[in-house]
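Chains as they are written, first to last, in the working numbering: chain A, 109 to 412; chain B, 231 to 586.
Don't be surprised by glycine CBs; every beta carbon is placed ideally from N, CA and C.
See below for the structure under consideration.
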Amino acid sequence: MPVTAFLTDSTLCIGCKACEVACKEWNLVPEDGLTWRGLSYDNTATLGHSTWRHVKFVERTPEPGVGGNRGEQFTWEFSSDVCKHCEHAGCLEACPTGALVRTEFGGVYLQPDVCNGCGYCVVACPFGVLDRRPEDGRAFKCTFCYDRQKAGLTPACAKACPTESILFGEIGDLRERAAKRVESLTQQGVEDAVLYDPRDTSVGGIHAMFIVRGDPKSYNLPPAPEVPTVYLRTGWISAATAALLMLAGGVYAFMGGNGNGHQNGGGRRREGGRAAGARRRAESGRPSPATAREGQSLSPPPRA
Amino acid sequence: MSVATQRIPDAASERRLEDIRREAERAGRVAAVGVRPAGAPFPVASPEKGYYGLPLLKPPTWTWEIPLYFFVGGAAGASALIAPLASAAAGASGARAAAEDETPRPAGRGTASDARWIAFGGSLLSAALLIRDLGRPGRFLAMLRVFKTSSPMSMGAWTLAVFGSATAAAKFAEMARDELGDAWPVRLATFTADGAAAATGMVLSTYTGVLIGATAVPVWNENIAILPIHFAASGVASAASLLELRGHDDQGLHWLGTLAAVAETLAGAAIEVRTDRALEPLKRGRPGWLTRAGGFLSGPIPLALRLMAKRRPGLRRAAAACAIAGSLLTRFGWVAAGAASTRDPAPPLQLNEPGA
Chain A
109 MPVTAFLTDS
119 TLCIGCKACE
129 VACKEWNLVP
139 EDGLTWRGLS
149 YDNTATLGHS
159 TWRHVKFVER
169 TPEPGVGGNR
179 GEQFTWEFSS
189 DVCKHCEHAG
199 CLEACPTGAL
209 VRTEFGGVYL
219 QPDVCNGCGY
229 CVVACPFGVL
239 DRRPEDGRAF
249 KCTFCYDRQK
259 AGLTPACAKA
269 CPTESILFGE
279 IGDLRERAAK
289 RVESLTQQGV
299 EDAVLYDPRD
309 TSVGGIHAMF
319 IVRGDPKSYN
329 LPPAPEVPTV
339 YLRTGWISAA
349 TAALLMLAGG
359 VYAFMGGNGN
369 GHQNGGGRRR
379 EGGRAAGARR
389 RAESGRPSPA
399 TAREGQSLSP
409 PPRA
Chain B
231 MSVATQRIPD
241 AASERRLEDI
251 RREAERAGRV
261 AAVGVRPAGA
271 PFPVASPEKG
281 YYGLPLLKPP
291 TWTWEIPLYF
301 FVGGAAGASA
311 LIAPLASAAA
321 GASGARAAAE
331 DETPRPAGRG
341 TASDARWIAF
351 GGSLLSAALL
361 IRDLGRPGRF
371 LAMLRVFKTS
381 SPMSMGAWTL
391 AVFGSATAAA
401 KFAEMARDEL
411 GDAWPVRLAT
421 FTADGAAAAT
431 GMVLSTYTGV
441 LIGATAVPVW
451 NENIAILPIH
461 FAASGVASAA
471 SLLELRGHDD
481 QGLHWLGTLA
491 AVAETLAGAA
501 IEVRTDRALE
511 PLKRGRPGWL
521 TRAGGFLSGP
531 IPLALRLMAK
541 RRPGLRRAAA
551 ACAIAGSLLT
561 RFGWVAAGAA
571 STRDPAPPLQ
581 LNEPGA
């Protein structure tokens, strides 16, 4: 099976949201809020449990001359965001049930019949893609139209895109096309066109690449996304250290520098009636033969 | 909002209008600040602010069950370690007392028994809390479909499963010893079950630090080196304190509480001296208040109380109560800090940082 990918070219996007609509319709994704954000014309705002394609409306301060804009006009780009289907996917590594799997097309697929709604993938995703759908309890995300791909079809969003801003194809081909596209854009005077594909980070590249204008940070694309498994080594070393400290502390506290046992006794006696009474209450439940045994065959039996 | 129709004209306002007219006649245009519509200047997406400052990450979906589970699991795990230690200490001091022909004080034995109860009960409560938090509670067993070392949550689920069984076995073995006496099979069973419970208990008390540390949440992953130790100390302090409040006066518990308070003081200091942007949720707002209050109640306050407890033994109980409250606040604070951290797009986008 070929490894497939998306290449989303924001220089071609016209912000029509056909991809959002096609995605919701094909995947039967429920409505998830119709609110005014007041930040831009983008009222979808983010990807989420019920938004698997999201057209960003990147309004920026005027940049005269770039892309043919006049100085007094806003620079305005659109970019259709989607699950990145990482090469090393944090959600997939973190999922404790095996609900998240790698498909034969290289995508990351969430099996809804296995997910138990633990929510760990939500905090494991460095792109903030996954979320738990409150009324359902399970997490949801872009399926990369696994069902359509199995039938040999193009994902719904790519098929519905009227400007071929969303390209779908074999990942090697798309990387080549992306490089050529950036080059030709540069030649046309769009000198700030860049490809976002963080292959030199621990994420190891993404199966949904983006051609954007200027700094990808304006598109909320992190410059150095990390798959959270990179923290595991430090974490488990620290946990082992913590366990050793617990053990050492425990042994020292109860056995260490003894004579303590004896001093203990003195301390307890000084503490007087209330504490001793409490202790007797605690022990009185079962005046058993073993009580004396634990003190190694001592007599007489416990005071209680 | 000021309403224009309510303005009262005066000499100054009329003079200003005449100035505007003269300026327009003279220059053909009027330079002025102009009227700013509500909300202006309008937000823009930029490399300095990201995408309108909208959060890049998703906040954890966990509610109160998970921080409470961190507390309960931590205390239960540490209790499973305390049980055999207290039992052994009681044996040793009993032997010494015998040698000195003194009345034996089998205090450690009651301590061990109660510690086993806390460990076993804690494991049941932990499972209940985890199941309650799941979006699909009926599917808890899906956790045990796979054994995945790359997922701290998978490791935790398996640890809790083994821990629950081991603590039940330890409690059962203890009861068997009470009934049947100290025959070698009983002793072997006690030793094995106590050992398994203590070993998995130590994992249970520490792995939660790895669990939240190995995520994309900046305030958590920035602290992954410290979190397991911090949580282990918190668990030990709460286990020892619970036993003390139950009425056990073993010197070992007091020592453990003291050591844990020292560790918590150091952990708090290690966080406070750092000034990364990613650590701001621990120093600001509600999460900051929670973690700082939790830090004081787990570290310096019980430490001071325990150091003074030599003269005034009552302070030991106060220290224990403080440490329990501190541990609870700490767990809730860290989860709240994680949520606050995901709302700040600056750390993942490397905003306001040199070299970004």
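What residues in its chain sit with their C-beta under 6 Å from that of residue i, if we drop five residues either side in the sequence?
| i | result |
| --- | --- |
| B:Thr450 | Position check: residue 450 of chain B holds Trp in this sequence, whereas Thr was assumed. The answer, listed in chain order, is Ile442, Gly443, Gly568. |
| B:Lys401 | Arg346, Phe350 |
| A:Asp221 | none |
Let me confirm a value: residue i is counted as buried when at least 16 other C-beta atoms fall within 10 Å, else exposed. Which label applies?
| i | result |
| --- | --- |
| B:Gln481 | buried |
| A:Tyr149 | exposed |
| A:Val163 | buried |
| B:Pro578 | buried |
| A:Glu185 | buried |
| A:Phe165 | buried |
| B:Ser356 | buried |
Would you say residue i reaches chain A, if we count a Cβ-Cβ gap shorter than 9 Å as a contact?
| i | result |
| --- | --- |
| B:Phe461 | yes |
| B:Ile501 | no |
| B:Ser485 | Looking at the sequence shown, residue 485 of chain B is not Ser but Trp. Closer than 9 Å to some Cβ of chain A, the Cβ of B:Trp485 qualifies, so yes. |
| B:Gly351 | no |
| B:Gly587 | The structure shown does not extend to residue 587 of chain B, since chain B is modelled only from 231 to 586, so the question has no answer here. |
| B:Val302 | no |
| B:Met538 | no |
| B:Trp294 | no |
| B:Gln580 | yes |
| B:Asp363 | yes |
| B:Trp449 | A small fix is needed here, since residue 449 of chain B is Val in this sequence, not Trp. No, B:Val449 does not count as interfacial toward chain A. |
| B:Tyr299 | no |
| B:Lys513 | no |
| B:Pro285 | yes |
Can you tell me where the beta strand (DSSP E) holding residue i begins and where it ends?
| i | result |
| --- | --- |
| A:Ser188 | 183-190 |
| A:Lys164 | 161-168 |
| B:Asp424 | Not the beta strand (DSSP E): B:Asp424 falls in the alpha helix (DSSP H), residues 414-443. |
| A:Asp150 | Per DSSP, A:Asp150 belongs to no beta strand (DSSP E) and is neither H nor E. |
| A:Glu278 | 274-278 |
| A:His360 | Checking the displayed sequence, the identity of residue 360 of chain A turns out to be Tyr instead of His. No beta strand (DSSP E) contains A:Tyr360, which is instead part of the alpha helix (DSSP H) from 340-363. |
| A:Tyr254 | Premise fails: A:Tyr254 lies in the alpha helix (DSSP H), 254-258, not in any beta strand (DSSP E). |
| A:Tyr304 | 301-304 |
Excluding five sequence neighbours on each side, which residues of the same chain lie with their C-beta closer than 8 Å to the C-beta of residue i?
| i | result |
| --- | --- |
| A:Gly385 | Annotation note: pLDDT 39 at A:Gly385 (below 50); position unreliable, coordinate value reported separately. Here the set comprises nothing. |
| A:Asn224 | Thr205, Ala207, Arg246 |
| A:Thr112 | Phe213, Gly214, Gly215, Phe252, Gln257, Phe276, Gly277, Glu278, Ile279, His315 |
| A:Met317 | Ala113, Phe114, Leu115, Thr116, Leu282, Arg283, Ala286, Leu303, Tyr304, Asp305 |
9 Å is my cut-off, CB to CB: does residue i come that close to chain B?
| i | result |
| --- | --- |
| A:Asp308 | no |
| A:Pro204 | yes |
| A:Thr119 | no |
| A:Leu218 | no |
| A:Cys127 | no |
| A:Cys223 | yes |
| A:Ser346 | yes |
| A:Leu355 | yes |
| A:Met317 | no |
| A:Phe362 | yes |
Could you give the first and the last residue of the continuous alpha helix (DSSP H) run that contains residue i?
| i | result |
| --- | --- |
| B:Ile211 | Only positions 231 to 586 of chain B appear in this structure, which leaves residue 211 of chain B out of reach. |
| B:Arg252 | 241-257 |
| A:Thr112 | Note, A:Thr112: premise wrong, no alpha helix (DSSP H); beta strand (DSSP E) at 112-117. |
| B:Val392 | 382-410 |
| B:Ala555 | 544-572 |
| B:Tyr282 | Looking at the DSSP string, B:Tyr282 is not in any alpha helix (DSSP H), and its letter there is neither H nor E. |
If you drop the 5 nearest sequence neighbours on each side, which residues of the same chain put their C-beta closer than 7 Å to that of residue i?
| i | result |
| --- | --- |
| A:Met109 | Glu212, Phe213 |
| A:Gly156 | Asp140, Asp239 |
| B:Ala497 | Ile456, Ile459, His460, Ala463 |
| B:Pro367 | Ile361 |
| B:Ile554 | Ser468, Ser471, Leu472 |
| A:Asn151 | Thr143, Trp144, Arg145 |
| A:Met354 | none |
| B:Arg339 | Ser317, Ala320 |
| B:Asp344 | Leu473, Arg476, His478 |
**Report entry** Proximal residues, the stretch 259-282 of chain A versus chain B, C-beta separation under 7 Å
**Finding:** none
Query raised in the report: Using a beta-carbon distance cut-off of less than 9 Å, what residues from the stretch 137-148 of chain A approach chain B?
Result: Arg145, Gly146, Leu147, Ser148
Report task. Using a Cβ-Cβ cut-off of less than 8 Å, give me the residues of the stretch 324-342 of chain A that come near chain B, in sequence order. Result -> Lys325, Ser326, Tyr327, Asn328, Pro330, Pro331, Ala332, Pro333, Glu334, Pro336, Thr337, Tyr339, Leu340, Thr342
Query raised in the report: If contact means a Cβ-Cβ distance below 9 Å, which residues of the stretch 229-252 of chain A contact chain B?
Result: So the close ones are Val230, Val231, Ala232, Cys233, Pro234, Phe235, Gly236, Val237, Leu238, Asp239, Arg240, Arg241, Pro242, Asp244, Gly245, Arg246, Ala247.
**Report entry** Residues in the stretch 392-420 of chain B having any Cβ partner in chain A nearer than 7 Å
**Finding:** Taking 7 Å as the Cβ-Cβ cut-off against chain A, the residues of the stretch 392-420 of chain B that qualify are Arg407, Asp408, Gly411, Asp412.
Query raised in the report: Along the stretch 182-212 of chain A, what residues have a CB closer than 7 Å to any CB found in chain B?
Result: Gly198, Glu201, Ala202, Cys203, Pro204, Thr205, Gly206
Query raised in the report: When you check each C-beta in the stretch 465-490 of chain B against every C-beta of chain A, which residues fall closer than 9 Å?
Result: Residues Gly465, Val466, Ala470, Arg476, Gly477, His478, Asp479, Asp480, Gln481, Gly482, Leu483, His484, Trp485, Leu486, Gly487, Thr488, Leu489, Ala490.
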